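**Q**
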Ligand SMILES: [Cu+2]
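In the working numbering, the protein residues as written are 259 to 426.
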């Protein structure tokens with residue numbers, strides 16, 4: 259019987275954790291604008307790329323890169339967060355083709371939001387690329403939150419089992 263109770267407690271803990279996780283996740287910052295706009299066709303490199311969100315971001319842990327058609331980094335310097343806006347400097351661009359902006363920022367609620375958009379350079383520039391992007395690009399996934407909820411669920415479950423055992 260205790261085993262049944264323990265299993266039930268475990269199941270309820272996980273379900274609660276899952277619901278709590280989903281509820282919090284819906285409050286993430288959402289990207290509302292970009293510069294250059296998505297799929298823009300440019301004849302000249304922008305000086306920086308900018309993403310604007312619907313709420314202020316935390317200034318720490320922001321990552322933003324621009325990866326060129328050659329697989330190299332064309333962004334330069336550290337990303338800058340100013341309220342709801344994150345930006346990073348861009349080198350004079352090189353080969354024509356698609357440049358992809360990847361970003362990872364932290365919402366006001368502490369959760370990580372990541373994404374990307376692309377624009378096209380239609381005329382080759384004379385810029386020199388940074389290092390290969392494969393090592394430096396931020397991951398497209400945010401830091402997963404679920405292990406924390408699983409851990410919390412496990413702690414609750416273990417405590418419940420222990421309490422049930424003690425009552426015998
Ligand atoms: Cu959130």
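For glycine and all other residues, C-beta sits at the position ideal for the given N, C-alpha and C. None of these values were measured; they are calculated from a predicted model.
Would you mind working out which of 356, 289 and 294 sits nearest residue 379, comparing C-alpha positions?
**A** Looking at the Cα atoms, 356 is the closest of the given residues.
**Q** Would you mind sorting residue 407 into buried or exposed? The rule is 16 or more other CB atoms within 10 Å of its CB.
**A** By the neighbour-count rule (16 or more Cβ atoms within 10 Å), residue 407 is buried.
**Q** Tell me whether the segment 358–375 and the segment 284–304 touch, counting them as touching only if at least three CB pairs, one residue from each stretch, are closer than 8 Å.
**A** Yes, the segment 358–375 is in contact with the segment 284–304.
**Q** Going by C-alpha distance, which of 291, 296, 260 and 290 is nearest residue 375?
**A** Answer by Cα proximity: 296.
**Q** Per DSSP, which residues does residue 375 bridge with? Please list them.
**A** Residue 375 pairs with 359.
**Q** Strictly by DSSP, which residues pair up with residue 308?
**A** Bridge partners of residue 308: 293 and 345.
**Q** By Cβ distance below 6 Å, which residues in the same chain neighbour residue 371 in space, the five residues on each side in sequence not counted?
**A** 286, 287, 363 and 365.
**Q** Would you identify the three-state DSSP class for residue 385, choosing helix, strand or coil?
**A** Coil.
**Q** Let me know the secondary structure DSSP gives residue 331 once reduced to three states.
**A** Of the three classes helix, strand and coil, the one that applies to residue 331 here is strand, per DSSP.
**Q** Taking 7 Å as the cut-off, is the beta-carbon of residue 365 closer than that to any non-hydrogen atom of ligand 1?
**A** Yes, Cβ of residue 365 sits closer than 7 Å to a heavy atom of ligand 1.
**Q** Can you give the beta carbon distance from residue 387 to residue 352, rounded, assuming they're within the 8 Å contact cut?
**A** That pair is a contact at about 6 Å.
**Q** Cα-Cα, which of 309, 381 and 412 is closest to residue 301?
**A** The option with the nearest alpha carbon to residue 301 is 381.
**Q** Between residue 350 and residue 383, how many whole angstroms is the CB-CB distance? I'm expecting something under 8 Å.
**A** Yes, they are in contact, since the Cβ atoms of residue 350 and residue 383 sit about 5 Å apart, within 8 Å.
**Q** Answer with buried or exposed for residue 411, where buried requires no fewer than 16 other C-beta atoms within 10 angstroms of its C-beta.
**A** Residue 411 comes out buried.
**Q** Is there at least one non-hydrogen atom of ligand 1 closer than 7 Å to the beta-carbon of residue 285?
**A** Yes, ligand 1 has a heavy atom inside 7 Å of this Cβ.
**Q** Taking the alpha-carbon positions, what's the residue 343 to residue 298 distance?
**A** Roughly 19 Å between the two C-alpha positions.
**Q** Taking residue 427 as the reference, which of 261, 312, 418 and 293 has the closest Cα?
**A** Residue coverage of the chain in this structure runs from 259 to 426, which leaves residue 427 outside it and unanswerable.
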